[in-house]
Every structure is written in structure tokens, then in C-alpha cells.
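Residue numbers (mature numbering (1 follows the signal peptide of the UniProt record, and there is no 0)): -23 to -1, 1 to 296. Here is the structure we will look at, set down as C-alpha cells.
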């Protein structure tokens, strides 16, 4: 039988331990047994980045959804996720039916309300009943969605308000670092306001141009830029819910693309399927601009730079 030389055993053991630490479930800046940082679990990398930006070296943040291949709508929490949430000093979820697995785990664990931040609770768009696009979401294909568009991280103002709440909760957990948290939050808010200014400028040049979406992920950003949603009724909801797009919706989309009624197709690359590829092909054939969007952070990116890139794509469209 082949045996490892004794000098190789520590190295082999280190590799095994490293692989074990990376396997499945909530991952990220996980803490060791002597780590005294505030333990934070978030539903996605978007919220992990915002907490990290505000908390700095005082937080250890683990996003449950940490890969572009994972779909938060259909994700089911693992035992490792549940363990991570049970030990967290702070939990940040989106809410609105987007990351329902977080609600399930929080309820099962009977987490204290002071431990959980639900982002939609601090979003203006979640409280504007007549906001454009609010009527587009309801229960479909087993997913209980809010009456508003729950993809609120594409609304920059909502993220500023969320930043304030994250700062308050972290400051309560660690009062001695409150000034540091406030300073970091102010810097983040300044960056977000700069992005909002760019979107406001876009409003003048993109106002009344029409867009369609394979999924309603980027709605709030496009709406803030002044664009009008021309997505055939039920199309993006069917795709998001895993249902079949009707022939009527395909035909309507093809007509809108072909006759110049749509200026932009907003394409969610994170949940690409034969249905979405067919729509993209329709747009390309009609020479309609296609801009790719994702639901969570691309690799090696942060929230501000990611949103800046999305806005840059719209600025190029406006030229």
C-alpha cells in the first residue's frame, strides 16, 4: 500500500481542511472559534457587500447565495445555512418573496426581530402602491411574491435607507465602533448619491424610450432612468416563476421588437434558459440593443462598481 511521506501529512491535512471549509452552504468571511467580530449572514452577495462596506473589520459576513449559478427564488436552505443563521448576531434578507428561504429559517429558529433586517421594510418602492411596476407581481408557480417589484437592490435610494438601518443595528451590537460604522455608511451613501445623480441625468435622454425584460430584475433602475416598461403582460413573470411563456407572448414580443416599439431588451444572464435565449435571438435579429444584468454581484465586484457598470451601459445607450 502506498503511504504519504511523514513530511507530506501536514500539507495533505491542510488541503483536506481547506476543502471541507469550502463545501456547500453559507460561505464567505466565516469566523473561527476565537473570532470576536460581529457574525452576519445575508441572503445574497449584494447585502454581504453592503454590510462589509459599513462594518469593515468589525464584521464577518457570510452570504447564503454566493454564486451566479444559484437562483434565490428556488433556493432551499441547507443545515449549514441554518447553523450559520442560528449563530448570527445580524441577519439581512431582501424579503418580498425573493429569498423566501430566509423567512422559513428565521421562523423555524425563532430569531429575534432585532436580529433580522428585511430590506423591503426600508424601501420606498415597497410602500408606493401606485408605483410603476408594482402591479406586475403576484403569486405564480408556487412563488408568493409581493405586490411590488421586490428586486429593490436595483433602487439606489432603497439601498441608502438600508445602509442607515444596517449602521443602526451594528452600532447597537457594538457601540464602541459606532463612529466607525457611521463614517463608513456616510462614504457609501455619498457613492450611492453620485450614482443617483448619473441616473437623474439619464432621465432626460432616455425618457419615454421603451424596454422589455426577460425577468423584472432591473426594473427599478430602468424606471428611474425614465424608461417605459413595454414587456408583454405575463412574460417576465412566467420566466421568473419557471413557467412556460405563451405563444401569444412570444408573438407580441417579436412584433414589438420588429416594429421598433422596444429600444432595449434587459436580459438576466443569471437564469438563462431556452426561453430567454429565444427572446434574445429575437432582439438581435431586430437589431434591438441588449444589455445584460445579473441578480447578484459578478465575481470580483462590489455593489457600487457593479451598479456603476450597469449605469454606464445605459449611458452608452443614451448616446
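Don't be surprised by glycine CBs; every beta carbon is placed ideally from N, CA and C.
Check                                                                                                                                                                                 : Outcome
Provide the residue span of the beta strand (DSSP E) that contains residue 243, from first to last.                                                                                   : 241 to 245
Look up residue 266 in the DSSP assignment and say whether it is helix, strand or coil.                                                                                               : strand
Enumerate in chain order the residues of its own chain whose CB-to-CB distance from residue 248 is below 7 Å, with the five nearest sequence positions on each side excluded.         : 48 and 192
Could you tell me which of 56, 130 and 143 sits nearest to residue 69, measuring between CA atoms?                                                                                    : 143
Straight-line CA distance for residue 171 to residue 224?                                                                                                                             : 43 Å
Taking all protein chains shown into account, decide if residue 13 is buried (16 or more other Cβ within 10 angstroms of its Cβ) or exposed.                                          : exposed
Using the rule of at least 16 other Cβ atoms within 10 Å of the residue's Cβ for burial, across every protein chain shown, is residue 30 buried or exposed?                           : buried
Label residue 115 either buried or exposed according to how many other C-beta atoms from any shown protein chain fall within 10 Å of its C-beta, with 16 as the threshold for buried. : Annotation note: pLDDT 43 at residue 115 (below 50); position unreliable, no value reported.
In terms of residues, what are the limits of the alpha helix (DSSP H) holding residue 163?                                                                                            : 155 to 183
Could you check where the alpha helix (DSSP H) with residue 78 kicks off and where it finishes?                                                                                       : 77 to 86
Quick check on this structure: which residue in 135, 45 and 190 has the alpha carbon closest to the alpha carbon of residue 253?                                                      : 190
Nearest-angstrom Cα distance between residue 80 and residue 275?                                                                                                                      : 25 Å
Quick check: residue 198 and residue 294, are their CB atoms within less than 9 Å of each other?                                                                                      : no
What separation, rounded to the nearest whole angstrom, lies between the Cα atoms of residue 181 and residue 240?                                                                     : 15 Å
Look at the alpha carbon of residue 73 and the alpha carbon of residue 173, and state the distance between them as a whole number of angstroms.                                       : 23 Å
Quick one: what does DSSP say residue 251 is sitting in, helix, strand or coil?                                                                                                       : helix
Measure the Cβ-Cβ separation of residue 67 and residue 28 and say whether it is below 9 Å.                                                                                            : yes
Would you report the Cα separation of residue 86 and residue 235, rounded to the nearest angstrom?                                                                                    : 52 Å
Look up residue 197 in the DSSP assignment and say whether it is helix, strand or coil.                                                                                               : helix
Buried or exposed for residue 36, please, with buried defined as at least 16 other CB atoms from any protein chain shown within 10 angstroms of its CB.                               : buried
What's the call for residue 34, buried or exposed, on a 16-neighbour Cβ count within 10 Å?                                                                                            : exposed
In whole angstroms, give me the CA-to-CA distance for residue 91 and residue 139.                                                                                                     : 15 Å
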